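Undergrad: Quick one: structure below, then a few questions.
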Amino acid sequence: MLTDTHLDRTLTALADPTRRAILQRLSLGETRISDLARPFDMTLTGVSKHIRVLEAAELVRRRKAGREQLLTLNPEPMDAARAWMDAQRAAWTARLDALDAALRAQDAEGVAR
Amino acid sequence: MTKTVTLVVRRHYAFPPERVFDAWLDPALAGKFLFATPDGIMLKVEIDPRVGGTFLITERRGDRDDEHRGTYLEIDRPRRLVFSFGDDRAFDATTVTVDIAPAGDGCDLTLTHTGVEPQWESQTNAGWTGILEGLDAALR
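For the record, the sequence lines run as chains A and B. To convert, note that position 12 of the first sequence is 12 in the working numbering; the numbers rise steadily by one, no gaps. To convert, note that position 132 of the second sequence is 132 in the working numbering; the numbers rise steadily by one, no gaps.
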């Protein structure tokens, strides 16, 4: 079950372009933190802050291999957020379909009268 | 800048813009499509169709009553209807904008549902679209 807190964390994490770029990079495979910082023209500290936000949202997992810190993408919270948005969209689509049906029913009644 | 998330849904109708527009403010029709669910029983549809006026649509779903409340912010027949909408799920306050434009044998309706979450206000500005693009990009 997706809670609002989870959803908030996921959407907040995804709302930043640098964090989205980090996730995109991680979607290619496990990456060392030191390699991650390079293309973003950021300090390791700056990248670490973004990674902490992504970790809090459970979008990123970290493991240690010797002296290296390795990150992997966990897409599950994104799937949950997407499911929530899809549900919102489905609800409105159903309502707009029902509006069409209601107008058609009104015409059918008018003809029958 | 306030951060918002926006959802856009479009649909074509083979009815004139005026009829599609009026359906949103007509309690008999609104009760059939707005916040109605197949298994629900519509208990109450109260509509005060003026700017600043409110609506209350109550539907019984199983053993609980779902209340949908809102306030009309803009009424420009038959082009545009804007109302606030209380949703107990993830938003504290949301705004729904319905734009209707003549098209072919009827009209095109564009619904924009914009949510505002206070806890996001301190974050950087980004739209729902950006987030969706982010989802797609990140998953690719």
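Every residue, glycine too, gets a C-beta built ideally from N, C-alpha and C. Owing to the predicted nature of the structure, the values given are computational and were not obtained by experimental measurement.
Any C-beta of chain A sitting closer than 7 Å to the C-beta of B/Y13?
TA: It does: the Cβ of B/Y13 has a partner Cβ on chain A nearer than 7 Å.
Undergrad: Is there at least one Cβ from chain B nearer than 7 Å to A/D100's Cβ?
TA: yes
Undergrad: For a test of the three-state rule: what should DSSP assign to A/E30, helix, strand or coil?
TA: Coil, per DSSP.
Undergrad: Per the DSSP calculation, A/R82 is bridged to which residue(s)?
TA: DSSP output for A/R82 lists no bridge partner at all.
Undergrad: A/Q69 bridges to which residues according to DSSP?
TA: Answer is A/K64.
Undergrad: Name the chain A residues that come within less than 9 Å of B/L168, Cβ to Cβ?
TA: Residue 168 of chain B falls outside the range modelled here, since chain B spans only 1 to 140, and no answer is possible.
Undergrad: If we count the other Cβ atoms within 10 Å of its Cβ and call it buried at 16 or more, is A/T12 buried or exposed?
TA: buried
Undergrad: What residues in the segment 52-76 of chain B bring their beta carbon closer than 8 Å to a beta carbon of chain A?
TA: Taking 8 Å as the Cβ-Cβ cut-off against chain A, none of the residues of the segment 52-76 of chain B qualify.
Undergrad: Give the single residue among B/T58, B/E46, B/T37 and B/K44 whose Cα lies nearest to the Cα of A/A98.
TA: For A/A98, the nearest C-alpha among the options comes from B/T37.
Undergrad: Can you confirm whether A/L103, when its beta carbon is compared against all beta carbons of chain B, has any partner nearer than 7 Å?
TA: yes
Undergrad: If you measure between the beta carbons of B/L73 and B/F85, is that distance less than 7 Å?
TA: no
Undergrad: In whole angstroms, give me the CA-to-CA distance for A/A80 and A/W92.
TA: So the two alpha carbons sit approximately 19 Å from each other.
Undergrad: Quick one: is B/M1 buried, meaning 16 or more other Cβ sit within 10 Å of its Cβ, or exposed?
TA: Bear in mind that a pLDDT of 33 at B/M1, under 50, signals an unreliable position, so the number given afterwards is only what the model happens to contain. Per the 10 Å Cβ criterion, exposed.
Undergrad: Indicate whether at least one CB of chain A lies closer than 7 Å to the CB of B/K32.
TA: B/K32 belongs to the set of residues whose beta carbon lies under 7 Å from a beta carbon in chain A.
Undergrad: What does A/V53 pair with, by DSSP beta-bridge criteria?
TA: The secondary-structure analysis by DSSP pairs A/V53 with nothing; it has no beta-bridge partner.
Undergrad: Kindly indicate the opening and closing residues of the beta strand (DSSP E) around B/G40.
TA: Element bounds for B/G40: n/a, residue is neither H nor E.
Undergrad: Let me check one thing: in DSSP terms, what residues is B/D66 bridge-paired to?
TA: Per DSSP, the beta bridge partners of B/D66 are B/E59.
Undergrad: Which of helix, strand or coil does DSSP assign to B/A14?
TA: It is coil, neither helix nor strand.
Undergrad: For B/G40, which residues in the same chain have their Cβ closer than 8 Å to its Cβ, ignoring the five residues on either side in sequence?
TA: Taken in chain order, the residues that qualify are E59, R60, R61 and D66.
Undergrad: Taking only the alpha-carbon atoms, compute the straight-line gap between A/T18 and A/A57 and give it to the nearest angstrom.
TA: 15 Å
Undergrad: Using the rule of at least 16 other Cβ atoms within 10 Å of the residue's Cβ for burial, across every protein chain shown, is A/D100 buried or exposed?
TA: buried
Undergrad: Confirm, please, whether the CB-CB distance from B/I57 to B/T78 is below 7 Å.
TA: Position check: residue 78 of chain B holds Pro in this sequence, whereas Thr was assumed. Contact: no.
Undergrad: Taking A/L103 as the reference, which of B/F33, B/T6, B/M42 and B/R10 has the closest Cα?
TA: B/F33
Undergrad: Using a Cβ-Cβ distance under 7 Å, would A/Q88 count as near chain B?
TA: yes
Undergrad: Going by DSSP in three states, B/D48 sits in which element: helix, strand or coil?
TA: DSSP places B/D48 in coil when its eight states are reduced to three.
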